[in-house]
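Numbering (the numbering used here), first residue to last: 116 to 416.
Down below is the structure, laid out as structure tokens.
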Ligand SMILES: NC(=O)c1ccc[n+]([C@@H]2O[C@H](COP(=O)([O-])OP(=O)(O)OC[C@H]3O[C@@H](n4cnc5c(N)ncnc54)[C@H](O)[C@@H]3O)[C@@H](O)[C@H]2O)c1
Ligand SMILES: O=C(O)C(=O)C[C@]1(C(=O)O)C=C[C@@H](O)C=C1
């Protein structure tokens, strides 16, 4: 049985268009209506055909929805919720795909006090953005973390879980605050470090006639992939998961300082012990069946 007959997707970039494509591939009977604030994205969505209808406003997009999924940058979630509030059916479930959950949950609850809201985060993505970047298998074998409020109706949580499972994801339920702490270290800090190292190398490159970029090999190139991620999306993630990111950044800075001291005072044993520990972590992840190749890394199976 289909968890929802009509799904509305607001924001038709990488994640929104991937959800639409995955629904088309796995539940072709479900009718999808999409909306994006950018008229060029709406035109492109129309041409690519991953929605049955592309609406002109957020309100008209949700008029007969059973499930509404907000796929816009986390800083825009509250505004979109306000724009669709008057047209939202009373029995619709409102969800999102935002990379941090506490601030989004608060913004949605403030804009839609009567609605059933179940925030979600598919832990899957790429450094690309826009409607052309999406693909139907993005969520296959990936985690989708739901952070329902304590009073969320069980049936609604079950229906949303089934929806994501039908798209190929493995669903986990988590407290929003805990989600934000975990993702701060596993996703947000790695992005911040990549942005920093590529920026620093570029600054140095200007001093050395771009030799830093010119001769960069594998390690640096891996950082440049992450550092190519969408600037607006990541600006919003850092502004909206401020406390957890700053907490993790503090821990990271202390560990970095300890490494700096180990290098300065020639403590080779300390360096080797850390590098051996981190290599074991990587090996155990690969042994658990998670693929070695970057695009598959993080898949559960
Ligand atoms: N990119 C990833 O790897 C990834 C992974 C998981 C979750 N997310 C989350 O998914 C959400 C979308 O990210 P994305 O990568 O698809 O970004 P994207 O830039 O590819 O798409 C976002 C779309 O939202 C539209 N938009 C912005 N403001 C809007 C508004 N007020 N009303 C309607 N449309 C609006 C933009 O025009 C754009 O087309 C973000 O909240 C992000 O945190 C991203
Ligand atoms: O694989 C990538 O390029 C990603 O950055 C994906 C990634 C991540 O950090 O793992 C990025 C943001 C999300 O909210 C979820 C997934």
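Just so you know, even glycine gets a beta-carbon here, dropped at the ideal spot from N, CA and C.
Buried or exposed by the 16-neighbour rule on C-beta atoms within 10 Å, applied to residue i
i, result
"residue 348", "buried"
"residue 390", "exposed"
"residue 266", "exposed"
"residue 193", "buried"
"residue 199", "buried"
"residue 121", "buried"
"residue 235", "buried"
Alpha carbon of residue i to alpha carbon of residue j, nearest angstrom
i, j, result
"residue 274", "residue 172", "26 Å"
"residue 56", "residue 168", "Here the chain covers residues 116 to 416 and nothing more, so residue 56 does not appear."
"residue 315", "residue 203", "47 Å"
"residue 331", "residue 340", "13 Å"
"residue 184", "residue 296", "23 Å"
"residue 256", "residue 401", "15 Å"
"residue 214", "residue 326", "35 Å"
"residue 309", "residue 205", "43 Å"
"residue 396", "residue 186", "33 Å"
"residue 162", "residue 139", "15 Å"
"residue 119", "residue 237", "18 Å"
"residue 342", "residue 294", "23 Å"
Residue i: first and last residue of the uninterrupted alpha helix (DSSP H) it sits in
i, result
"residue 275", "269-281"
"residue 294", "291-298"
"residue 352", "346-355"
"residue 161", "154-163"
"residue 194", "192-199"
Endpoints, the beta strand (DSSP E) within which residue i is located
i, result
"residue 183", "182-185"
"residue 150", "146-150"
"residue 123", "121-125"
"residue 209", "208-211"
Below-8 Å beta-carbon distance, residue i vs any chain B residue
i, result
"residue 167", "Annotation note: the requested chain B is absent from the structure, which comprises a single protein chain."
Contact check, residue i vs residue j, beta carbons under 8 Å
i, j, result
"residue 137", "residue 149", "no"
"residue 195", "residue 125", "yes"
"residue 311", "residue 289", "no"
"residue 328", "residue 271", "no"
"residue 248", "residue 129", "yes"
"residue 259", "residue 219", "no"
"residue 375", "residue 292", "no"
"residue 133", "residue 223", "no"
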